[in-house]
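**Q**
There are 2 protein chains.
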Amino acid sequence: MNARPTDSTCPVARTVDIVGDRWSLLIIRDAFDGVRRFSQFQRSLGIAKNILATRLRHLVDVGVLRVEPASGGGSYQDYVLTDKGKDLFDLIVSLRQWGQDHTFTPGEQHSVLVDVATDQPVPRLRYTTPDGTHIQAHDIRVRKVNEAAQPL
Amino acid sequence: MNARPTDSTCPVARTVDIVGDRWSLLIIRDAFDGVRRFSQFQRSLGIAKNILATRLRHLVDVGVLRVEPASGGGSYQDYVLTDKGKDLFDLIVSLRQWGQDHTFTPGEQHSVLVDVATDQPVPRLRYTTPDGTHIQAHDIRVRKVNEAAQPL
Chain A
1 MNARPTDSTC
11 PVARTVDIVG
21 DRWSLLIIRD
31 AFDGVRRFSQ
41 FQRSLGIAKN
51 ILATRLRHLV
61 DVGVLRVEPA
71 SGGGSYQDYV
81 LTDKGKDLFD
91 LIVSLRQWGQ
101 DHTFTPGEQH
111 SVLVDVATDQ
121 PVPRLRYTTP
131 DGTHIQAHDI
141 RVRKVNEAAQ
151 PL
Chain B
1 MNARPTDSTC
11 PVARTVDIVG
21 DRWSLLIIRD
31 AFDGVRRFSQ
41 FQRSLGIAKN
51 ILATRLRHLV
61 DVGVLRVEPA
71 SGGGSYQDYV
81 LTDKGKDLFD
91 LIVSLRQWGQ
101 DHTFTPGEQH
111 SVLVDVATDQ
121 PVPRLRYTTP
131 DGTHIQAHDI
141 RVRKVNEAAQ
151 PL
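Right under this line is the structure:
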């Protein structure tokens, strides 16, 4: 899908090389929303059939989606998230939350995440460590592979 | 940058339309790592000058980066994250964590996030609500704009 792999020791770059294009991200979003069939993806995305077919095949090849016999029987196929694909949940949430925070004018309506048990909107999610500490950009830095640990 | 805007009430789609391409995501990653100058981005990404110039201009236009006089003086310009850009931290973390979990073989080395205060690796971050509840895909669903709230 990409002409040239990026820095091979950077996990961000590896993910971007696999799912970092507009259509793949929107297909994965739709899959989380329960879209399963080729024609449903096509209707949702307004995408050319050949491009959609290429992207779906790519996402199956990399293990993000898998093909299943159609849930209603018949000759159709369903595309469903694998466990590896379901682990992209955080990525879709982060795209959603930034979009909610920065791309809507006050009062403008947008879709929202709701709790399946209560049907109430989910509060703003934050990245926290297992002990509950909220981690933001200024708390961390990236240590490259060829960089020695700093003495304390 | 994109031919056609997607579903205007979906925050995921709006974010994807702004930063959902490989080069923009890698430029934003580099900006978080302290890259500031055109030539540094070019060296890091191995990207053609005209493509890099287009992407940087786009990220400035949408308010993710801003231009500053070079930190060391002289006629150069620095590109730095705005507050809106810094809010993409979660997105870069989610790309990183999925890459760490799914794109490296056991024992294969990759860059890691470390705590700036202790220089120790940051534990796996999870999305939690303000009361500390870890939220996963099966806990939530998306309520579309034209969908009424469900009676409880």
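Chain order of the listed sequences is A and B.
Here the first sequence stands for residues 1 to 152, numbered as in this note's numbering.
Here the second sequence stands for residues 1 to 152, numbered as in this note's numbering.
Glycine residues also receive a C-beta, built at the ideal position from the N, C-alpha and C atoms.
1) Starting from the beta carbon of Leu125 (chain A), find every residue of chain B whose beta carbon is closer than 7 Å, and list them in chain order.
2) Thr82 (chain A) and Leu65 (chain A) - do their beta-carbons sit closer together than 8 Å?
3) Using the three-state DSSP reduction, which class does Gln77 (chain A) fall into: helix, strand or coil?
4) Please report how far the alpha carbon of Thr15 (chain B) lies from the alpha carbon of Ala31 (chain B), in whole angstroms.
5) Beta-carbon separation of Ser111 (chain B) and Lys144 (chain A) under 8 Å?
6) Just checking my contact of Arg22 (chain A) with Gly20 (chain B) at CB under 8 Å: how many whole Å lie between their CB atoms?
7) Using a C-beta cutoff of 8 Å, does Leu91 (chain A) count as contacting chain B?
8) Going straight from the alpha carbon of Ile28 (chain A) to that of Tyr79 (chain A), what length do you get?
9) Go ahead and label Asp90 (chain B) buried or exposed: buried means 16 or more other beta carbons lie within 10 angstroms of its beta carbon, across all protein chains shown.
10) So which residues of chain B does Ser111 (chain A) contact, with C-beta pairs closer than 8 Å?
11) Restricting to Cα atoms, I'd like to know which of A:Arg141, A:Arg36, A:His134 is closest to Val60 (chain A).
12) Can you give the beta carbon distance from Thr129 (chain B) to Pro123 (chain A), rounded, assuming they're within the 8 Å contact cut?
13) Which chain A residues sit within Cβ distance under 7 Å of Val16 (chain B)?
14) Give a yes or no on whether the minimum CB-CB distance between Gly107 (chain A) and chain B is below 8 Å.
15) If we ignore side chains and look at the alpha-carbon of each, how far apart do Ser71 (chain B) and Ser39 (chain B) end up?
16) Relative to the C-alpha of Asp87 (chain B), which candidate in A:Ala48, A:Gln97, A:His134 has its C-alpha closest?
17) I need the straight-line Cα distance from Leu52 (chain A) to Gly74 (chain A), nearest angstrom please.
18) Tell me, please, whether the CB atom of Gln42 (chain B) is closer than 8 Å to any CB atom in chain A?
19) If you measure from the beta carbon of Leu152 (chain A) to each beta carbon in chain B, is any gap under 8 Å?
20) Which residue marks the beginning of the beta strand (DSSP E) containing Leu65 (chain B), and which one marks its end?
21) Checking 8 Å against the spacing of the C-beta atoms, do Thr103 (chain B) and Pro11 (chain A) come in under that value?
22) Does the distance from the CB of Gln77 (chain B) to the CB of Val67 (chain B) come in under 8 Å?
23) Suppose the cutoff is 7 Å on Cβ atoms and the five residues either side in sequence are ignored; what does the same chain contact list for Asp115 (chain B) look like?
24) Would Asp61 (chain B) pass as an interface residue toward chain C - the criterion being a Cβ-Cβ separation below 8 Å?
25) Which residue or residues does DSSP assign as beta-bridge partners of Thr128 (chain B)?
26) Taking only the alpha-carbon atoms, compute the straight-line gap between Ser8 (chain B) and Gln109 (chain A) and give it to the nearest angstrom.
27) Might you give, ordered along the chain, the residues of its own chain that have their beta carbon closer than 8 Å to the beta carbon of Leu56 (chain B), omitting 5 neighbours on each side?
**A** Straight from the coordinates:
1) Chain B residues near Leu125 (chain A): Tyr127, Thr128, Thr129, Ile135.
2) It is a contact, given that the beta carbons lie within the stated cut-off.
3) strand
4) One C-alpha to the other measures close to 18 Å.
5) yes
6) 5 Å
7) At least one chain B Cβ lies under 8 Å of Leu91 (chain A).
8) Rounded to whole angstroms, Ile28 (chain A) to Tyr79 (chain A) spans 10 Å at the Cα level.
9) Label assigned to Asp90 (chain B): buried.
10) Thr9, Cys10, Pro11, Val142, Arg143, Lys144, Val145
11) A:Arg36
12) 5 Å
13) Arg22, Leu25, Leu26, Leu95
14) No - not a single Cβ of chain B is within 8 Å of the one on Gly107 (chain A).
15) 14 Å
16) Per the C-alpha coordinates, the member of A:Ala48, A:Gln97, A:His134 positioned closest to Asp87 (chain B) is A:Gln97.
17) 21 Å
18) no
19) With a pLDDT of 47 at Leu152 (chain A), under the threshold of 50, the predicted position of this residue should be treated as unreliable, and no value is reported.
20) 65–69
21) Their beta carbons are under 8 Å apart, which means Thr103 (chain B) touches Pro11 (chain A) by this criterion.
22) Yes; because the gap between Cβ atoms is below 8 Å, this pair is in contact.
23) Val122
24) The structure shown contains no chain C; the protein chains it does contain are A and B.
25) A:Arg126, B:His134
26) 9 Å
27) Ile27, Phe38, Phe41, Leu65, Tyr79
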